[in-house]
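Here's the structure we're looking at; comments come further down.
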Amino acid sequence: LRREPTEKAERGLRETLAVADEIVARARPVPVVIAVLPSELQVSPQLRAQVLERVQVAESDLDLERTWRETRTHFESENVLVIDLLPALTAAEREESTYALRNSHWNERGNAIAAREIADSLAPLVRELALARVGSARN
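This is the structure we're talking about:
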């Protein structure tokens with residue numbers, strides 16, 4: 060999440076994108092959709108402030124959208140839909156927690172918000188595939 064990522068973080072992102080590239084290649088011609096799941100540190104300003112104080116890092120040293128942005132950029136030319144859950148979960152977190160207490164997983168509310176965001180993002184693709192199927196059935 061650092062604006063200037065460590066070599067370990069860079070390597071981790073490269074390795075993750077390489078695995079995703081393999082999935083995309085093997086799935087062709089089936090469309091692939093990638094959802095970038097934010098950590099609680101990205102979503103919760105309260106937790107982020109506590110952690111940053113403890114490790115003595117300034118918020119300005121972070122780039123909370125870097126993983127999503129680099130993933131989207133990486134797959135733009137591949138016509139892969141990349142879903143960013145950070146905005147929806149961050150907005151919801153302002154009202155009530157979206158993560159289980161002392162756990163890195165979403166709670167019921169976080170799961171519902173993520174599911175709704177994913178479903179909304181998939182709706183145009185599903186419509187397009189359904190129309191293509193109807194069109195091919197008529198031929």
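Positions in the sequence shown are counted from 1; adding 59 to them yields our numbering. Think of the CB as a built atom: it goes at the ideal place given N, C-alpha and C, for glycine as much as any other residue. In this text, all values refer to a predicted model and were calculated from it rather than measured experimentally.
From this set, E112, E154, D122, A94, which residue's C-alpha is nearest D143's C-alpha? For the purposes of this step, residue 143 is taken as residue 84 along the sequence shown, with counting starting at 1. With distances taken between Cα atoms, D143 lies closest to A94.
Q | Sub-8 Å separation of L96 and R107 beta-carbons | A | Residue mapping note: residue 96 aligns to position 37 of the sequence shown, counting from 1. Residue mapping note: residue 107 aligns to position 48 of the sequence shown, counting from 1. Not a contact, by the Cβ cut-off of 8 Å.
| Which word fits E152, buried or exposed, when buried means at least 16 other C-beta atoms lie within 10 angstroms of its C-beta? | For the purposes of this step, residue 152 is taken as residue 93 along the sequence shown, with counting starting at 1. E152 should be labelled buried.
Closer than 7 Å by C-beta to V89: which residues in its own chain qualify, once you throw out the five before and the five after it? Chain order, please.
If you number the sequence shown from 1, residue 89 lands on position 30. For V89, where only same-chain residues beyond five positions count, there are no Cβ hits under 7 Å.
How big is the Cα-Cα spacing for V91 and E74? Your numbering for residue 91 matches position 32 in the sequence shown. Your numbering for residue 74 matches position 15 in the sequence shown. For V91 and E74, the distance between alpha carbons rounds to 18 Å.
To which residues of the same chain is V102 closer than 6 Å at the C-beta, ignoring the five residues directly before and after it? By one-based count along the sequence shown, residue 102 stands at place 43. Closer than 6 Å at the Cβ level, and outside the excluded window around V102, lie L148, T149, E152.
- prompt: Between the region 170-187 and the region 125-137, do at least 3 Cβ pairs fall closer than 8 Å?
  reply: no
Practice prompt. Could you check which residue in R62, R197, R175 has the C-alpha nearest to that of V116?
Written response: Walking along the sequence shown from the start, residue 116 turns up at place 57. Comparing Cα-Cα distances from V116 to each of R62, R197, R175, the minimum goes to R62.
How is the beta strand (DSSP E) around A117 delimited, first residue to last?
-> Within the sequence shown, numbered from 1, the residue matching residue 117 stands at position 58. A117 -> no beta strand (DSSP E), and no H or E assigned at all.
field: Beta-carbon proximity check, T157 vs L72, cutoff 8 Å
entry: Locating residue 157 in the sequence shown gives position 98, where the first residue counts as 1. Locating residue 72 in the sequence shown gives position 13, where the first residue counts as 1. Their beta carbons are not under 8 Å apart, which means T157 does not touch L72 by this criterion.
Q) Between E66 and A191, what straight-line distance do the alpha-carbon atoms span, to the nearest angstrom? A) By 1-based counting over the sequence shown, the position of residue 66 is 7. By 1-based counting over the sequence shown, the position of residue 191 is 132. Cα to Cα, the separation comes out at about 44 Å.
So who's on the other strand from V95, going by DSSP bridges? One-based indexing of the sequence shown puts residue 95 at position 36. For V95, which the question treats as bridged, DSSP gives the partners D143.
Opposing strand residues paired with W165 [DSSP bridges]: Your numbering for residue 165 matches position 106 in the sequence shown. Beta-bridge pairing links W165 to Y158.
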